[in-house]
Amino acid sequence: MSKVIIIGSGLGGLSCGYILQKNGYEVTILERNMHIGGCLQSFFRGGVKFETGMHFIGSAAQGQTMHRMMNYFGMTEEVRLYALDTMGYDTISFAGESFRFPNGEEAFVEQMSASFPREKDNLRRYFALVKRIASASTLNSLTSKERDLAASTEYQTRSINEVLDELFDDEMLRNVLVGNLPLYAAELDKTPFSQHAYITDFYNQSSFRVVGGSDVIALSLANSIRKMGGRIFAGRGVSRICCNDTQAVGVETADECFFPADYVISTVHPARLMEMLDTKLIRPAFRSRLRSIPNTTSCFSLYVKFKENTMPYLNTNYYGYKTSTPWNCENYTEAEWPKGFLYMHHCHEEAPRYARSGVVLSYMRMADVASWKGTTVGHRGSGYEEFKRIHAERLIRRVEEHLPGFASAIDSYYTSTPLTYLEYTGTEDGSMYGVAKDISLGAAGRVPYRTKVPNLLLAGQNTNSHGMMGVIVGTIVTCSELIPAERLYKQILENG
Ligand SMILES: Cc1cc2nc3c(=O)[nH]c(=O)nc-3n(C[C@H](O)[C@H](O)[C@H](O)COP(=O)(O)OP(=O)(O)OC[C@H]3O[C@@H](n4cnc5c(N)ncnc54)[C@H](O)[C@@H]3O)c2cc1C
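So in this note's numbering, spot 370 of the sequence shown is number 535, and the numbers just go up one at a time.
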């Protein structure tokens, strides 16, 4: 049996581990943190649970792609889903005016054209384009046929705003349609329209929160991997990928243990990978290219515990903006922060009446907390605590402007900053979703699945895309380097 070492136990590492162990490889997953899951981690404070990363998933209704993937990964029994409001899974709010996104193409076009009647035909054209791009991805649509290269290539090189400007006359509608852009940290003139199309299609098909928190996804995958004989070690960070003149031979952990490997799969941020890889097989130009790919922005998170039976459960994701545009919230002056926020309740049980906890996310740059870089959680000092308090209160005031009653329903709150994400996931600059998609960089902005170390493969959110679908699609591409793609598709179609 070939030995595979996987670095990182986030969704990327666990989903690769599941597929490879199932297909006869001997898998060992090494995780730096004491808890597995990466961005699937949740934590308890004050008796309630909070999600740190993944909050909701799409396309997971019976027969849809994510549902089939979850079946294949043996998750459907352990991972219970609760549908967000089908008439408004996302709510976009600009300075007093709100718009809701319903599931389904027809409902979406009807509901949007009720507010923008002159754009009805354009909305139909927009949706047809979104569908065409999403189904052009063989994996998103679960077929192994050749990709519709024309659709995927063209819209990987055109920005979201350029395409929307061409499709619609109404500026407000253009802004509404990208109102959920914090889900992919889109930037004006940079992020490809294809990214917008994948996310829009994914959540428009169906949208669900994970009952009890998204950590159950990690636990389910980990249980299955262990049951099949795979090993997962938390608290064993990889410090070095050991190579001979031609290939990787194993990895060394921070506690100086050597794990031999026939294959190594890294799911960590490429900047972290380069730190572990001291071999002439990797050229300096490749190293500097990977290090220079820009990252998506980081964020400040406000984790709120509500007073008991006070805050009605909000079955929608709420995106609030200070002005009438969602763009450019990552560029702010200190006085302007926060320009926007994403507010979500934790789904602690099926059909909850009241929320026990929720999270408010707002973009924040690492530069804002750079003076505390190098310190560790719980030991960053009083200045840092004061920084967090001031920003939490500003964020609470901003949410209160949109949703009166929010502030008075708070029992207690906790916060995290870009430094927290850096510490918990190792993602460069605490970036939310890893490397950014940027149309101006073309192939130079992509992280490859393979390297010049022939038995070192890459997976995780930086290779294909972030999120439940983006990471799993990347996992399948990476695993196809070791298992014939046709066999993998067949397995997913038969078991999914
Ligand atoms: C705030 C936030 C909200 C999000 N919301 C959603 C959402 O609602 N829906 C959705 O689909 N997606 C969402 N995402 C994105 C999604 O959670 C991620 O894209 C996905 O979970 C990333 O998985 P990954 O395995 O690629 O990376 P990670 O989860 O970052 O895992 C990488 C792992 O590698 C470990 N590691 C790093 N260095 C080493 C080392 N040297 N040795 C061993 N281990 C190491 C890290 O500790 C980590 O556990 C969100 C992300 C964030 C941050």
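By construction, the Cβ of each residue, glycine as well, lies at the ideal position given by its N, Cα and C atoms.
Because the structure is a prediction, the values reported are computed rather than measured.
Going by other Cβ atoms of all chains shown within 10 Å of its Cβ, with 16 needed for buried, is residue i buried or exposed?
i, result
"Cys204", "buried"
"Ile257", "buried"
"Thr498", "exposed"
"Ala299", "buried"
"His544", "exposed"
"Thr628", "buried"
"Gly607", "exposed"
"Gly546", "exposed"
"Val416", "buried"
"Gly211", "exposed"
Helix, strand or coil for residue i, going by three-state DSSP, please let me know.
i, result
"Val295", "helix"
"Gly632", "helix"
"Met441", "helix"
"His232", "helix"
"Ser309", "The predicted model places Ser309 with a pLDDT of 49, which falls under 50 and marks its position as unreliable; any figure quoted below should be read in that light. Three-state DSSP puts Ser309 in coil, outside helix and strand."
"Leu332", "helix"
"Asp255", "strand"
"Val376", "coil"
"Asp594", "helix"
"Tyr497", "coil"
"Phe273", "helix"
"Lys187", "helix"
"Glu417", "strand"
"Ser167", "coil"
"Cys204", "helix"
"Leu658", "helix"
"Leu507", "strand"
"Val161", "Only positions 166 to 661 of the chain appear in the structure, and residue 161 is not among them; the question remains open."
"Glu327", "helix"
"Arg615", "strand"
Going by Cα to Cα distance, which pick from the options is closest to residue i?
i, options, result
"Gly267", "Phe367, Ala608, Tyr578, Val169", "A small correction: the amino acid at residue 267 is Pro; Gly does not occupy that position in the sequence shown. Comparing Cα-Cα distances from Pro267 to each of Phe367, Ala608, Tyr578, Val169, the minimum goes to Phe367."
"Lys187", "Arg290, Asp594, Leu179, Met393", "Met393"
"Ser522", "Gly639, Asp443, Phe208", "Phe208"
"Ala225", "Leu249, Thr217, Gly212", "Leu249"
"Pro649", "Asp603, Gly173, Ile184, Leu179", "Ile184"
"Thr241", "Gly228, Ser404, Leu288, Ser577", "Gly228"
"Thr462", "Ala419, Arg265, Ala532, Thr475", "Ala532"
"Val524", "Ile170, Phe215, His200", "Phe215"
"Asn287", "Leu246, Gly253, Leu329, Val375", "Leu329"
"Trp492", "Ala520, Asn474, Leu348", "Leu348"
"Phe465", "Leu526, Leu455, Ala426", "Leu526"
"Ala426", "Val433, Ala436, Val414", "Val414"
"Gly599", "Leu455, Asp255, Lys655", "Leu455"
"Val403", "Glu495, Val564, Ile172", "Ile172"
"Gln206", "Leu446, Ser573, Ala387", "Ala387"
"Gly175", "Gln626, Phe571, Val638", "Gln626"
Answer yes or no: the CB of residue i versus the heavy atoms of ligand 1, is any distance below 8 Å?
i, result
"Glu196", "yes"
"Cys204", "yes"
"Gln626", "yes"
"Tyr589", "yes"
"Phe424", "no"
"His631", "yes"
"Cys356", "Here residue 356 turns out to be Thr, not Cys, going by the sequence shown. No, the beta carbon of Thr356 sits no closer than 8 Å to any heavy atom of ligand 1."
"Leu386", "no"
"His511", "no"
"Thr481", "no"
"His220", "yes"
"Cys408", "no"
"Thr217", "yes"
"Gly395", "no"
"His232", "no"
"Gly485", "no"
"His556", "no"
"Met277", "no"
"Leu622", "no"
"Ala401", "According to the sequence provided, residue 401 is Arg. The question's Ala does not apply to it. The answer is yes for Arg401."
"Met337", "no"
"Thr643", "no"
"Val254", "Per the sequence shown, the amino acid found at residue 254 is Tyr instead of Val. No, the Cβ of Tyr254 stays beyond 8 Å of every heavy atom of ligand 1."
With contact counted as at least three CB pairs below 8 Å, one residue from each stretch, are the segment 227 to 234 and the segment 642 to 661 in contact?
In this structure the segment 227 to 234 lies against the segment 642 to 661, because at least three pairs of beta carbons, one per stretch, are closer than 8 Å.
With a threshold of 8 Å, are at least 3 pairs of Cβ atoms found where one atom belongs to the segment 580 to 591 and the other to the segment 503 to 522?
no
How about the segment 191 to 210 and the segment 379 to 398: do they share at least three Cβ pairs that are nearer than 8 Å?
yes
For the segment 609 to 620 against the segment 462 to 481, are there 3 or more C-beta pairs whose distance is under 8 Å?
no
Stretch pair the segment 554 to 569 + the segment 367 to 379: three plus CB contacts closer than 8 Å
no
Cβ contact check for the segment 443 to 455 and the segment 208 to 226: 3 or more pairs under 8 Å
no
Would you check if there are 3 or more beta carbon pairs closer than 8 Å linking the segment 317 to 336 to the segment 477 to 488?
With the cut-off at 8 Å, the segment 317 to 336 and the segment 477 to 488 do not touch.
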